[in-house]
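Novice: Encoded as C-alpha cells, here's the structure I'll be asking about.
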Amino acid sequence: MIVLTVLCETDHEFEGWFASAEAFETQREARAIACPACGSTRVRRGLSAPNVATRKGREAEPVTAMKPGLSADQHRLRAVLAALKAEVEASCDYVGEAFAEEARAIHYGESDPRGIYGEASGAEVEALLEEGITIAPLPRLPDEAN
Numbered sequence: 188m189i190v191l192t193v194l195c196e197t198d199h200e201f202e203g204w205f206a207s208a209e210a211f212e213t214q215r216e217a218r219a220i221a222c223p224a225c226g227s228t229r230v231r232r233g234l235s236a237p238n239v240a241t242r243k244g245r246e247a248e249p250v251t252a253m254k255p256g257l258s259a260d261q262h263r264l265r266a267v268l269a270a271l272k273a274e275v276e277a278s279c280d281y282v283g284e285a286f287a288e289e290a291r292a293i294h295y296g297e298s299d300p301r302g303i304y305g306e307a308s309g310a311e312v313e314a315l316l317e318e319g320i321t322i323a324p325l326p327r328l329p330d331e332a333n
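Position in the sequence shown counted from 1, then plus 187, gives you the working numbering.
Structure follows, in C-alpha cells:
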C-alpha cells in the first residue's frame, strides 16, 4: 500500500491510498480518481514523501493520510454548485446524448426554445461553440463520480 499526493488539473492537492504505483496509473488512465474539491478526473501524481524502511528487518512507520478536507469557502462553493445543478435538473429537459443535436435544433429554430441538459463529447462541445451556440457545463460533484 502506498500513499501518493495527487493533483487535479486545477492544482487542488489531495492524498490517495493505492495498492501500487501501477494501480494509481491504471485508475488515473481510467479516470477513476476524482478531485474531492472540484470533481475533476484529470489528475496527476504530485511530489510524495515515500514511506521507506531505513534498517533491514525494521518495518516502515505507517503513513497517516490526511482526509481530503474542504475549506469553508469550498463547502459553500460546493453547496452553490449543487443548488445550481438541482435547479437546472428541475427546470430543464434532460436530452441525454442527443444534447448537441437538440441544442442545434433549438438554436436554429427547429425545436421549441427551452432549457436542456445532457451529455456531449469534447468534439461536439467544440463544434457547438464554433457555431456560436451558447452552452455551459453542468458541474459534476465528486460524490457523483464515485
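Ideal Cβ placement from N, Cα and C applies to all residues, glycine included.
Predicted, not measured: the structure shown is a model, and the values here were computed from it.
Work out the CA separation of Glu212 and Leu325 for me, nearest whole Å.
Specialist: The straight-line gap from Cα to Cα measures roughly 27 angstroms.
Novice: Please report how far the alpha carbon of Ala269 lies from the alpha carbon of Ala290, in whole angstroms.
Specialist: Going from the Cα of Ala269 to the Cα of Ala290 covers about 23 angstroms.
Novice: Out of Ser308, Gly309, Ile293 and Trp204, which one is the CA nearest neighbour of Gly302?
Specialist: Cα-wise, what sits closest to Gly302 is Ile293.
Novice: Looking at C-alpha atoms only, which residue of Gly283, Ala287 and Cys222 is the closest neighbour of Arg265?
Specialist: Comparing Cα positions, the closest option is Cys222.
Novice: Identify which residue in Asp299, Arg327, Tyr295 and Ala287 has its Cα closest to the Cα of Glu313.
Specialist: Per the Cα distances, Ala287.
Novice: How is the beta strand (DSSP E) around Glu297 delimited, first residue to last?
Specialist: Careful: Glu297 lies outside any beta strand (DSSP E) and carries neither H nor E.
Novice: Report the residue from Ala219, Cys225, Ala285 and Arg229 whose alpha carbon sits nearest the alpha carbon of Gly305.
Specialist: When only C-alpha atoms are compared, the closest one is Ala285.
Novice: Is the beta carbon of Leu194 closer than 8 angstroms to that of Arg231?
Specialist: In contact: Arg231 and Leu194 (Cβ atoms closer than 8 angstroms).
Novice: Could you check the C-alpha separation between Lys272 and Asp260 for me, to the nearest Å?
Specialist: When rounded, the distance between both Cα atoms is 18 angstroms.
Novice: Just the Cα atoms here: how many angstroms apart are Gly319 and Asp198?
Specialist: C-alpha separation (whole angstroms): 30 angstroms.
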